[in-house]
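What follows is a single structure, written as structure tokens, with notes after it.
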Amino acid sequence: MTAIELYDTTLRDGMQGEGMSLSAQEKLRVAHRLDELGIDLIEAGFPSSNPKELELFELLASEPLEHASVAAFGMTRRRGVRVASEDPALRVLAECFAPVCTLVGKTWALQLEKVLRVDRAENLRMIADSVAFLVGEGKRVVYDAEHFFDGFADDPEYALQCLRVAGEAGAETVACCDTRGGTLPDRLASVMAEVVRALAGSGTAPGIHCHDDAGCGVANTLAAVQCGAVHVQGTINGYGERCGNANLVTIIPNLQLKLGYRCLTEAQLRSLTPVAHFLDELLNFPPNPDQPYVGRNAFAHKGGMHVAGVSADPATFEHVDPAALGNRRELLISELSGKGTVHARARDAGITLDDADAARVVARVKELEHRGYHFEAADGSFELLLRKQTGEYESLFRLESWRAIVEQRADGRVETEATIKIWVDGERYVRTAEGNGPVNALDRALRDALIEIHPHLAAIDLVNFKVRILDEAKGTGAVTRVLLDSSDGDETWGSIGVSENVIEASWEALVDSLEYGMQVSRRSATTATAPTPGS
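As structure tokens, this is what we get:
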């Protein structure tokens, strides 16, 4: 089985995408997660480009990685510099602790004429001098041939000569870069086949670096590997400038599970979904639910026929086992669902349903979704609906009334106050609280009444709040759907409320979020106190 060297450039190329910003400490956390994932080379950036990069390299030097090697990024020597050792940027690379240096150099006449303003012979000398200097300083060198495929289209022999010169100077790998991201897979495969033939027997490994401007970053990378590339560059979640870089999160399982190349251990592959989501959360991006392999919808089934199929045999509608990627199957509840979906969701929640109960749940779901509910995004509310149907539902309280008052004062300040009156175990509780809005005030008042009895509720936080108007033609009188995402730090769940009154819809979703949170607490307590086998 051929091993593929994985090269991650999230911390350098990925950071060029819009909205991308991490502190040096956060980048260090990313490096450690990539190392645990099994990435072979982690490109940390330019060690001297700014104080943040300098700090990152200092942190990496003091916290060695277990598996990955750190790569410092730079360029071939500047024009007009007599020898590479006199180029300040190359000296920084040579003195940096990183054992690997990645040098980007030109291969396209348009770049030589318009950007570098050097002739072809001088460009070759710049490549050779720079690589040889760093190899002489004890560095492993990766040469990134920028605009390689554009250069090959313009002058194939010169583009290949750039690769040969780098290899002859000591580069262990030459990465062919589709810098503009516009090459299509058939053309890229044809060119990579020429590259592999040209480098055969030289000891220089062929690599690939793709961008996604034509939507082919992943496909191009796979095509390159199938033609003989053994070094793959990309970013986690496809982060990067313009349309992004080739997405390693999709590339890795395609290489390993589909094409039979060796990239990660099975345990490391199972951490792919958590790592992808970790990066999104750290960058404050919502994880893409439709991302292949790791997205929430990657193994989500909604239609009744599909659910029946995967219940009989997952291979009927799943091309790989989601658990192999650290993901899981989702059976989505909607008006399209059948009894099979309801039975499967009930089993997951530890609820016993007969066919008559399941049919009633299906009918109730269809009725509620016609009114505007959307249980596909509200798994917590759906489980509560299941429990109510079977009589396994324990309400946290009985509501007497709630009230929210919003007052704008003459000085411009807006004050919000909420009062709730509830009954718990035969005792009446009246609580009033202020908040930054009516939902916040209601939440604080309700928790104030319940936390003494149910301490677990203190650990539940609201992590997302979405409001949607369902019938815009009615203006401010429209029916409103409120979706809440809540978390206790271990599990995250959705709840829903629908009403013409946005505060009533919010209250309904809020109560469901807390009541489902108590179901989680009860399950955790049961698991914690259950006897171990053989005890």
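Quick note on numbering: numbering that gives the first Met the number 0 labels position 130 of the sequence shown as 129, and the sequence is numbered without any gaps.
Glycine residues also receive a C-beta, built at the ideal position from the N, C-alpha and C atoms.
Its Cα nearest to that of LEU469, the residue HIS373 stands out among GLY239, ASP177, HIS373. A residue is called buried when at least 16 other Cβ atoms come within 10 angstroms of its Cβ; PRO46 meets this threshold and is buried. With a contact defined as Cβ atoms closer than 8 Å, ARG11 and GLU62 miss out at about 18 Å.
Distance between VAL478 and PRO252, taken at the CA atoms: about 44 Å. Across the structure, ASP320 and ALA297 are spaced so that their CA atoms are roughly 11 Å apart.
When secondary structure is reduced to three states using DSSP, HIS210 falls in the strand class. Nearest in C-alpha terms to LEU187, of all of THR220, ALA170, ALA158, is THR220. For the pair ARG76 and ASP128, the CB atoms are nearer than the 8 Å cut-off. Distances from the alpha-carbon of ALA213 to those of ASP177, PRO155, ALA314 put ASP177 closest. Assignment of VAL466 by DSSP, reduced to helix, strand and coil, places it in the strand class.
Spatial neighbours of ALA197 in its own chain (CB-CB distance under 6 Å, excluding positions within 5 residues in sequence) are listed in chain order as LEU159.
Under the three-state reduction of DSSP output, CYS262 falls in the coil class, being neither helix nor strand. The shortest C-alpha to C-alpha distance from ILE421 to any of TRP401, ASP7, TYR515, ALA504 is the one to TRP401. With fewer than three CB-CB distances shorter than 8 Å, the stretch 78–89 does not count as touching the stretch 10–27. The C-alpha of ALA71 lies about 49 Å from the C-alpha of ILE495.
Taking ILE38 as the centre and dropping the five residues before and after it, the same chain places the C-beta of LEU5, ASP7, ALA67 closer than 7 Å to its C-beta, in chain order.
SER498 is bridged by DSSP to THR479. The straight-line gap separating the alpha-carbon atoms of GLY104 and LEU133 is approximately 14 Å.
In this chain, the beta strand (DSSP E) harbouring ILE41 covers 40–44. By DSSP's assignment, THR220 forms no beta bridge with any residue. The stretch 348–368 and the stretch 392–406 do not touch, with fewer than three beta-carbon pairs separated by less than 8 Å. Bounds of the beta strand (DSSP E) holding LYS105 are 99–105. When ASP185, THR264, VAL80 are compared, the shortest CA-CA separation from GLN225 is found for ASP185.
Scanning its chain for C-beta atoms nearer than 6 Å, with the 5 sequence neighbours on each side dropped, one finds around ALA222 the residues PRO184, LEU187, ALA188, in chain order. Approximately 4 Å separates the beta-carbon atoms of THR172 and ALA204; this is inside 8 Å, confirming the contact.
When secondary structure is reduced to three states using DSSP, MET125 falls in the helix class. Here VAL140 has CYS100, LEU102, VAL130, LEU133, VAL134, GLY169, ALA170, GLU171 as same chain residues with Cβ atoms under 7 Å from its own Cβ, once five neighbours each way along the sequence are excluded. In the structure shown, ILE251 adopts helical secondary structure according to DSSP, grouped into three states. A residue is called buried once 16 or more other Cβ atoms fall within 10 Å of its Cβ, and LYS465, having fewer, is exposed. If you check the CB distance, LEU384 and TYR515 do not come in under 8 Å.
In terms of CA proximity to THR234, ILE250 leads the group ALA228, GLU490, ILE250.
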